[in-house]
Amino acid sequence: MRRGVPPTPAKPASGAAGSEDPRPTVTSAALPGIVVRAYGKYFDVALRDEPRVLLSTIKGTLRRERRRTDLVAVGDRVWVVDVGAGEGQIEVVEPRVRSLARLARNTDDVEQVILANPDRVLFLFAVHQPEPHRRMLDRFLILAEAAGLPATIGVNKIDLDEPLPAGDGRTAADAIFGDYRPVYAVRYLSVQTGQGLAELREDLAGRVTVVAGPSGVGKSSLLNALDPTRERTVAEISAATGKGRHTTIATQLYRIGPDTYVADTPGIRALALHGVPLQTLDRCFPEFRPYLGQCFFADCTHLREPGCAVRQALTAGLIPGARYESYAALRRGDRGDDEHRPA
Ligand SMILES: Nc1nc2c(ncn2[C@@H]2O[C@H](COP(=O)(O)OP(=O)(O)O)[C@@H](O)[C@H]2O)c(=O)[nH]1
Ligand SMILES: [Mg+2]
Ligand SMILES: [Zn+2]
-11 MRRGVPPTPA KPASGAAGSE DPRPTVTSAA LPGIVVRAYG KYFDVALRDE PRVLLSTIKG
49 TLRRERRRTD LVAVGDRVWV VDVGAGEGQI EVVEPRVRSL ARLARNTDDV EQVILANPDR
109 VLFLFAVHQP EPHRRMLDRF LILAEAAGLP ATIGVNKIDL DEPLPAGDGR TAADAIFGDY
169 RPVYAVRYLS VQTGQGLAEL REDLAGRVTV VAGPSGVGKS SLLNALDPTR ERTVAEISAA
229 TGKGRHTTIA TQLYRIGPDT YVADTPGIRA LALHGVPLQT LDRCFPEFRP YLGQCFFADC
289 THLREPGCAV RQALTAGLIP GARYESYAAL RRGDRGDDEH RPA
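The sequence shown begins at -11 in the working numbering and counts up by one.
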C-alpha cells in the first residue's frame, strides 16, 4: 500500500546524511498528492487527503537529475511540502508505472509525457451527431492496447438511438458497437438524460481515466456532469493564468471523487500510431489473439497467406468483419488520415 508512508525516492540523493534513512529527501512535512495541471515550471498538486491544490515548484535537487523524460508530468504521484500561501514544493516524484508519451519535437529519444500513470482510457463516441467513426475508434483502441491501458468505450447520446429500419431489433448503436462487446466494456450513455452515468462512475472510481474522442460527442458535457464544479474551476484557472480556456492544450486532471480523476487529453490524437510496429498490430486486436501463432506462416500478415488462422476465424464468423477490415487497412500501410472519409 502506498498510503501513509512516503516512498523511497527512485534515486535517493547520493551522500545524504543518515544512511539508515530510506527516504533522505522527504521531510516529515511532505504531503502526498497528484499533479493535476502543469504550467511550465509550475504544477498544481491536488493533495490526496484534503481538498486543497498547491501551486508547486520542483525542489532544486530534483531538478538537477536530468532525464530523457519530463521530470514531473500531469498524473505523477508526488510528495509536496506546503510552503504557505497556497504554494508547495515537490520533494519526491514516485516512479511512473506507465505513461502516455510522445517524442519531443526534433528528437528521437526524449519523450514528452502527455499523462503519467493512467489506469484506464474512455473513448467517447456519439451514436449520432456526429456519426461514429469506426476506423478512428479502432485506431484509438490500438493505441490503448499498445500502451497496455484497459479501454472502455462510451457511446453517448444514446437518447438519439433508434432501431434500424432493417427490423432485426438492433439499434444503430448495437450495429456498430455490438462488435466490441465481447472484448471491451461498452457503456451506453446519455449525459442529457443521465442514462448510464451511475455505472460509468463505478467504472471510474479510484482510478485515473483518460477521456478521448472526436469533437462534438459530449466530452465536455460528460466531464461537467461528473464534476459540476469543473466549469467554474476552469474559468478560475484561466483567469489566474491569463489564458483563455480554448487556448489550453495541456492535459488536465479533474477530481470527480476520492482518488478518482478524469483527464482531458487533447494530445491523444497526436500520438497517432507511430509507436506501434506493423508486425505487432495483430496483437492489438484482442479478438485475434486466440488465433495468433496458429497460422501456417510464423510471420503471417493475415492478409492473403494460405493457412491463416485469423482469416479462418473471420470466415467462421468468430471475428467481426469490420474489425478485420480495420486491421487489414492498417496492416497494408493505409495509415492515411481517413478522418473525413466514411468509416
Ligand atoms: N442529445 C444529446 N446531446 C448531447 C448529449 N451530450 C452532449 N450533447 C450535446 O452535444 C454537443 C456537443 O457537446 P460537447 O460536450 O461540447 O462535446 P465535446 O466537443 O466532445 O466536448 C452539445 O450541444 C451538447 O449539448 C447527450 O447525451 N444527448
Ligand atoms: Mg469539448
Ligand atoms: Zn494469419
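Positions of the beta carbon are idealized from the N, C-alpha and C atoms, including for glycine. None of the values given here were measured: they were computed from a predicted structure.
Per DSSP, cross-strand counterpart(s) of residue i
i    : result
E75  : L43 and G72
N144 : A114
I22  : A34 and R65
Under 8 Å between C-beta atoms of residue i and residue j
i    : j    : result
I359 : L185 : Nothing can be reported for residue 359, as the shown portion of the chain is limited to -11 through 331.
R189 : T140 : no
V205 : L112 : yes
A61  : V98  : no
A251 : L103 : yes
Q180 : D149 : no
I130 : V264 : yes
D247 : R36  : yes
L210 : N105 : no
L280 : D287 : no
V115 : A73  : no
R122 : I164 : yes
V81  : L50  : yes
A301 : C283 : no
G21  : A34  : yes
D156 : V101 : no
S44  : V68  : yes
R311 : T289 : no
Residue environment, residue i, which counts as buried when at least 16 other CB atoms sit within 10 Å
i    : result
Q117 : exposed
E79  : buried
G416 : Absent from the model: residue 416. The displayed extent of the chain is -11 to 331, so no value can be given.
V175 : Residue identity check: residue 175 is Arg in the sequence provided, not Val. Under this definition R175 is a buried residue.
D167 : buried
A26  : buried
E275 : buried
S314 : buried
Q240 : buried
L19  : buried
Assigned secondary structure, residue i (DSSP; H/G/I helix, E/B strand, else coil)
i     : result
K231  : Residue confidence is low: K231 scores 43 on pLDDT, short of 50, so the model does not pin down where it sits. Its coordinate-derived value is still stated next. Of the three classes helix, strand and coil, the one that applies to K231 here is coil, per DSSP.
T303  : helix
A365  : In the structure as shown, the chain begins at -11 and stops at 331. Residue 365 is therefore absent and cannot be evaluated.
L266  : helix
Y27   : strand
E119  : coil
F273  : coil
V205  : coil
T253  : coil
D97   : coil
T(-4) : Annotation note: pLDDT 49 at T(-4) (below 50); position unreliable, no value reported.
Self-check item: Residues passing the C-beta test against ligand 3 heavy atoms, cut-off 6 Å
Solution: Going along the chain, the residues that qualify are C283, C288, H290, E293, C296, A297 and V298.
Exercise. Just the residues with CB closer than 7 Å to a heavy atom of ligand 2, in chain order, which are they?
Worked result: Selection output, chain order preserved: S203, K207 and S208.
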